[in-house]
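Student: This is the structure, below, for whatever I ask next.
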Amino acid sequence: MAFVFKRNIITIFMAIELMLNAVNLAFVAFARAWNQLDGLVFVFFVIVVAAAEAAVGLAIVITIYQNRHSLNIERVNLLKL
Amino acid sequence: MSLPFILFFVFALISVGGAILLIMAREPIHSALALILVMMSLAGLYLMLGAEFIAAVQIIVYAGAIMVLFVFVIMLLNAGTEERTDWSKIAKYAGLPLGILLLLELAHWMAHSLIGRTPANGAGSANVMVSTRELSMQLFQKYLFPFEATSILILIAILGALVLAKRDE
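If you read the sequences in order, they're chains Y and R.
Mapping of the first sequence onto numbering that gives the first Met the number 0: position 13 corresponds to residue 12, and the numbering continues sequentially without gaps.
Mapping of the second sequence onto numbering that gives the first Met the number 0: position 149 corresponds to residue 148, and the numbering continues sequentially without gaps.
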């Protein structure tokens, strides 16, 4: 939810991490419920991909801040008609 | 009311409350602290679900590495309070009904498929703990190729972060 009604780009990014965490919790719970190990392996991969995504995403945030001098997502509107 | 049962509700309430705090907080640093709270309680939930390795990785990678990165960027960019916006129309008219629909559907499916069929239904039977040995066997035999592909992905991510954050001279 924060993804659609927050305006700070860092908060939106944290909301993405929160969603990934929710998916991880669902994976672990279902892996436990069906006694399968594959879900846990998948959670491992999700965590790794989230780490990579955080590194690249925060670099993008820094670049946006250097160019726009603002963290407000409304100001990043070059592609808007 | 056994101890794991109570513990489950404590962790679940902390994680849901932390998520709501993350959304409602005005300052990004408060959101970051709430996110750390959520990750800690999720690690507790993983531990109760018998995934000890995943719980450790959750704390080390998420609460350690990723959140340090977040707090570092928040401090670096000096992010103050943000102006409050009205809820966007998409969130109000599409998001809320869809979210409630998803919740109801999940509850419906769980109620019809899970309860009574699985052996490990009761909370906190510690002997069903998945051993890290089994997990790593699975990881390095069946999922060896995705594991190696992940290392390439991390390498690309490092290079991408370096290129993006580099200052133009």
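From the three backbone atoms N, C-alpha and C, an ideal C-beta is built for every residue, glycine too.
For N76/Y, which of helix, strand or coil comes out of DSSP?
Tutor: coil
Student: Throw me the rounded Cβ distance for the L19/Y and V45/Y pair, which I believe falls under 8 Å.
Tutor: 6 Å
Student: Where do the ends of the alpha helix (DSSP H) carrying L70/Y lie?
Tutor: Taken as a continuous stretch (DSSP letters only), L70/Y belongs to no alpha helix (DSSP H), as it is neither H nor E.
Student: So, with DSSP's three-state summary, where would you put N77/R?
Tutor: Three-state result, N77/R: coil.
Student: Is the separation between the beta-carbon of L68/R and that of A49/Y shorter than 7 Å?
Tutor: no
Student: Is N23/Y helix, strand or coil when you go by DSSP?
Tutor: helix
Student: Work out the CA separation of F10/R and S135/R for me, nearest whole Å.
Tutor: 27 Å
Student: For the segment 62-76 of chain R and the segment 8-19 of chain Y, state whether three or more C-beta atom pairs, one from each stretch, are separated by less than 8 Å.
Tutor: A contact is defined here as three or more CB-CB pairs under 8 Å, and the segment 62-76 of chain R meets this definition with respect to the segment 8-19 of chain Y.
Student: Give me the Cα-Cα distance between L100/R and M38/R, rounded to the nearest whole angstrom.
Tutor: 26 Å
Student: Could you compute how far the alpha carbon of S14/R sits from the alpha carbon of S40/R?
Tutor: 6 Å
Student: Return yes when the Cβ of I63/Y is within less than 7 Å of the Cβ of A164/R, no when it is not.
Tutor: no
Student: Any beta-carbon of chain Y closer than 7 Å to the one on A93/R?
Tutor: no
Student: Can V55/Y and G63/R be called in contact, C-beta distance under 7 Å?
Tutor: no
Student: Out of curiosity, what's the CA-to-CA distance linking V27/Y and V42/Y?
Tutor: 7 Å
Student: Where does the unbroken alpha helix (DSSP H) through L2/R begin, and where does it stop?
Tutor: 2-23
Student: Give the residues from the segment 34-47 of chain R that approach chain Y closer than 9 Å (Cβ to any Cβ), ordered along the chain.
Tutor: L34, V37, M38, L41, L44, Y45
Student: Hey, A31/R and L20/R: beta-carbon distance below 7 Å or not?
Tutor: In terms of Cβ geometry, A31/R and L20/R do not form a close pair [threshold 7 Å].
Student: 7 Å is my cut-off, CB to CB: does P3/R come that close to chain Y?
Tutor: no
Student: Counting only Cβ pairs nearer than 8 Å, list the residues of chain R close to I15/Y.
Tutor: Neighbours of I15/Y on chain R: none; closest Cβ ~11 Å, over 8 Å.
Student: What residues of chain R sit near N20/Y, judged by a beta carbon separation below 8 Å?
Tutor: V37, M38, L41, Y61
Student: Give a yes or no on whether 7 Å exceeds the smallest Cβ distance from L77/Y to chain R.
Tutor: no
Student: Let me confirm a value: M47/R is counted as buried when at least 16 other C-beta atoms fall within 10 Å, else exposed. Which label applies?
Tutor: buried
Student: Look at I53/R and L77/Y and say whether their C-beta atoms are less than 7 Å apart.
Tutor: Result no, Cβ atoms of I53/R and L77/Y do not sit closer than 7 Å.
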